[in-house]
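Chemist: Once you've had a glance at the structure underneath, I'll fire off some questions.
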Amino acid sequence: MLSIEKVTKKYEEMTALEQVSLVVQEGEFFSLLGPSGCGKSTLLRLIAGLDTVSEGEVKFNGESVTHLPPETRPFNTVFQNYALFPHLNVYENISFGLKLKKVPSDEMEARVRHSLEKVQLSGYEDRLIDTLSGGQKQRVALARALVNRPKILLLDEPLSALDLKLRKQMQTDLRSLQQQLHHTFIFVTHDQEEAMALSDRIAVMDHGKILQIGTPQEVYDHPTHRFVAEFVGHANFFSGTVKEVSPEQAKIEFGSGEIIHSKIRRFLPEVGQQVDLLVRPEKWKVFPLEEGAHSWFEGTIVQRTYRGAFEYFSVQQIQDKNRMIDFSLSSHASRWSIGDRVALTCVPEDVVILPHE
Amino acid sequence: MSRWIQKGMSIPYLIPFIWFLFFLIIPLIWVLSYSFFKRGPYGTIDFEWNIASYVRTFDWVYLSIFLKSVQLALITAICSFILGFPIALMIVRATPKRKLFYLILILVPFWTNFIVRAFAVKVFLGDYGPINQFLIDLGWLSEPIPFTHHFLAVGFGMVSSYLPFMVLPLYSALEGFDRSLVDAARDLGARSYDIIFKVLLPSIKEGIQSGFILVFVPALGEFVIPSVLGGAKRVYIGTLISDQFLKTRDWPFGSAMTTLLLIWTFVALAVVGRMRRKRAKL
Ligand SMILES: Nc1ncnc2c1ncn2[C@@H]1O[C@H](COP(=O)(O)OP(=O)(O)O)[C@@H](O)[C@H]1O
Ligand SMILES: [Mg+2]
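Chains A and B supply the protein sequences, listed in that same order.
What the first sequence shows, in this note's numbering, is residues 1 to 357, in sequence order.
What the second sequence shows, in this note's numbering, is residues 1001 to 1282, in sequence order.
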């Protein structure tokens, strides 16, 4: 079990990480997700020991490793640009760590062969790094780390340099490898889909802070910040005012006097407070617009985007022509076209209350 | 001529070609043919075909001079590397503004005439030079150390002259070194020693080789520094050859030694080049 306790990292005048805390369980596939520059790599380097924390503690199985140099930490890293040694061949790259640990040569050979099998690169032992494709380099980097049997494998955007098809393939391989080995993986990515598809849990980061930690579903369905909601998927926001708060529900007024009773989860709003309401595009219930019928929003479809299994529609509101609302439907069920006038409603359970930003 | 131009051989390409022809190839052919002639009385040349000069080079006197020269060139290259590597490392790590300053500093020796430079070293190391005077003033010495005409003086002069030829290729190799390799090595358990000898030095091997060649080859034929700083007793192949042309006036013998020196240099370069290519093919 790895725990990061109130870790801050400062580079001269700029703060790359601020009071970051998290716990990663053994055998977990844990992702750090956030936009470029938010501090993901910095956090990973602090765990690996390649940088030192300014404040806070890094603990592994209850013992502080905060001030241990990287060579004594039982973790290994797959670097963003692979960082393979260009002067060594594949075998020498993978055996680099074992040689330093003076592993006997027959055991070393067996372990290198085994890890090459794991990444499907048997027979590539003598190849120089320059002669490998991006995907092959990626897998050599993975084997080079795994062969040391790290207690935690750290992966810094390992797939972001690969093309889409290869990336999907490697995602599957990576996940099945992790399930096979029961290793703890800490995986850095800026790609929300990738994080969703692979992870047991995700920490969403922005500007050196962790905003939310949760399962992919929690993060998607019940984001705690507007940033998280937008980062992990398509989102519609509209603002409302809190009228009443009971322990479980909040009565909120929005739009043209519409009232909903929404379940309170993480964020506890106060009466009179302005809040943001989030509805995911696939949660909308869409009807043809009829005079006198009740709905939350009414408008005209102005855009239709086909995305394979789903189709996305943009609705321009009748009351406020500058406001757009997006909804999505599975493509085979879609029966709308541009110019159709529609009414939108939603079950209150599918509305997420967020602090106003 | 017009056909050449059509084939893409335009005037700009011809200039280096002409340059090589007049300043390298023709003089070399000249030297090569002289080496097969004979010295006449009074330093003239007898145009009589023979290999006497080559036979003479195998005299132990000359062979030992050649070996001593190889030794001097090797020591120069090794000392330049030991000194130049930390310097190159420091330049690479400096801020961009400092970097430029250091690089200019490294190039300062190129601004001065090489003979003047050799004499400057002589003065510097001389009996009344700053080093000896400083040590005497401190009371550590009663007599000045006779650095000049000592091997150390020659070595010092050589290293200080050839250091830039080592630093510049090392610097450019280090500049291209991917620092994340250091992180990767540390992550895999490497300590400083392993990082330097198993990652850094092997990665900049080509720069080291270039530096060695750039220092070793001209150091082998150097004649100004040994004659200014080494005195008459320390004869190296460069001094020997220049003496054949300027003092003894035995042009055929000088040419024969020049030819052999060239051949050996090419052999050495070919071996290094082959080692490189062999590795690249693997
Ligand atoms: N060695 C460093 N010196 C100064 N600033 C740094 C250094 N490393 C990273 N940073 C800064 O810290 C912030 C976080 O960087 P990083 O962790 O690499 O982000 P990410 O991996 O999420 O893209 C960035 O603003 C970056 O400029
Ligand atoms: Mg990064």
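We put the CB at the ideal spot given by N, CA and C, even for glycine.
#1: Residues of chain A with CB closer than 7 Å to the CB of B/Gly1189, please, in chain order.
#2: Can you pull the DSSP bridge partners for A/Asn61?
#3: Out of curiosity, what's the CA-to-CA distance linking A/Gln217 and A/Pro70?
#4: Using a Cβ-Cβ cutoff of less than 8 Å, which residues in the same chain neighbour A/Glu248 once the five nearest sequence positions on both sides are dropped?
#5: Assign A/Glu398 to one of three DSSP states: helix, strand, or coil.
#6: Should B/Val1092 be flagged as near chain A, meaning a C-beta pair shorter than 8 Å?
#7: Should the stretch 57-70 of chain A be regarded as contacting the stretch 9-19 of chain A, the criterion being three or more beta carbon pairs within less than 8 Å?
#8: Do A/Ala311 and A/Ser331 have their C-beta atoms within less than 8 Å of each other?
#9: Just the Cα atoms here: how many angstroms apart are A/Glu87 and B/Ala1185?
#10: Provide the residue(s) that pair with A/Ile260 in DSSP beta bridges, ordered along the chain.
#11: Alpha carbon to alpha carbon, what distance is there between B/Val1121 and B/Ala1190?
#12: Could you name the residues that DSSP lists as bridge partners for A/Trp238?
#13: For A/Leu164, count neighbouring Cβ atoms within 10 angstroms of its own Cβ and tell me buried if that reaches 16, exposed if not.
#14: What's the gap between the Cα of A/Asn93 and the Cα of A/Arg175?
#15: Any idea what DSSP makes of A/Ser199, helix, strand or coil?
#16: Is the stretch 340-355 of chain A close to the stretch 291-305 of chain A, with three or more CB pairs under 8 Å?
#17: A/Leu132 and A/Asn76 - do their beta-carbons sit closer together than 8 Å?
#18: Going by beta carbon distance, what residues of the same chain come within less than 7 Å of B/Ala1268, once the five residues before and after it are set aside?
#19: Between the Cα of A/Ile318 and the Cα atoms of A/Arg266, A/Gly255 and A/Lys283, which residue gives the shortest distance?
#20: For A/Gly292, does the count of other Cβ atoms within 10 angstroms reach 16, so buried, or fall short, so exposed?
#21: Within 8 Å, do at least three Cβ pairs link the stretch 28-44 of chain A to the stretch 200-212 of chain A?
#22: Could you have a look at B/His1149 and say whether DSSP puts it in helix, strand or coil?
#23: Only counting the same chain, and skipping five residues up and downstream in sequence, which positions put a Cβ closer than 6 Å to that of A/Leu142?
#24: Can you give me the start and stop residues for the alpha helix (DSSP H) that B/Lys1068 sits inside?
#25: Less than 8 Å separating the beta-carbons of B/Ile1051 and B/Phe1036?
#26: For ligand 2, is there a heavy atom less than 7 Å away from the beta-carbon of A/Glu157?
#27: Roughly how many angstroms lie between the CA atoms of B/Met1001 and B/Ile1075, to the nearest whole one?
#28: For B/Ser1227, which residues of its own chain have a beta-carbon under 7 Å away from its beta-carbon, when the five flanking residues on both sides are left out?
#29: Sorted by chain position, which residues of the same chain lie with C-beta nearer than 7 Å to A/Gln171's C-beta, five sequence neighbours on each side aside?
#30: Identify, in the order they occur along the chain, each residue of the same chain with its Cβ nearer than 6 Å to the Cβ of B/Phe1147, setting aside the five sequence neighbours on each side.
#31: Is B/Pro1169 helix, strand or coil by DSSP?
#32: What did DSSP end up calling A/Pro223 once you bin it into helix, strand or coil?
#33: Taking a contact to mean a Cβ-Cβ separation below 8 Å, would you say A/Arg144 touches A/Phe185 in this structure?
#34: Measure the beta-carbon distance from B/Leu1163 to B/Ile1204 and round it to whole angstroms, keeping in mind my assumption that it falls under 8 Å.
#35: Does ligand 2 have a heavy atom nearer than 7 Å to the CB of A/Lys263?
Modeler: This is what the structure gives:
#1: Glu71, Gly97, Leu100 and Lys101
#2: Answer is none; A/Asn61 lacks a bridge partner.
#3: 34 Å
#4: Contacts found: Lys263 and Ile264.
#5: Here chain A covers residues 1 to 357 and nothing more, so residue 398 of chain A does not appear.
#6: no
#7: no
#8: Here the sequence assigns Glu to residue 311 of chain A, which means Ala is not the residue at that position. In this structure, A/Ser331 lies closer than 8 Å to A/Glu311 by Cβ.
#9: Reading off the sequence shown, one finds His at residue 87 of chain A, where the question assumed Glu. About 13 Å.
#10: A/Ile252
#11: About 42 Å.
#12: Reading the sequence as shown, one finds Phe at residue 238 of chain A and not Trp. Paired residues: A/Leu277.
#13: Looking at its Cβ environment, which holds fewer than 16 other Cβ atoms inside 10 Å, A/Leu164 is exposed.
#14: Taking C-alpha positions only, A/Asn93 is separated from A/Arg175 by approximately 24 Å.
#15: coil
#16: Yes, the stretch 340-355 of chain A is in contact with the stretch 291-305 of chain A.
#17: no
#18: none
#19: A/Gly255
#20: Classification for A/Gly292: exposed.
#21: yes
#22: Coil.
#23: Val78 and Val119
#24: Trp1060 to Arg1093 is the extent of the alpha helix (DSSP H) around B/Lys1068.
#25: yes
#26: yes
#27: Only weak support exists for where B/Met1001 lies, its pLDDT of 48 falling under 50; the value from the coordinates is given anyway. C-alpha separation (whole angstroms): 49 Å.
#28: Cβ contact annotation for B/Ser1227 (same chain, cutoff 7 Å, sequence separation greater than five): Thr1239, in chain order.
#29: Leu159, Glu194, Ala197 and Leu198
#30: Leu1125 and Ala1153, listed in sequence order.
#31: helix
#32: coil
#33: No; because the gap between Cβ atoms is not below 8 Å, this pair is not in contact.
#34: Actually they do not touch by this definition, with Cβ atoms about 17 Å apart.
#35: no
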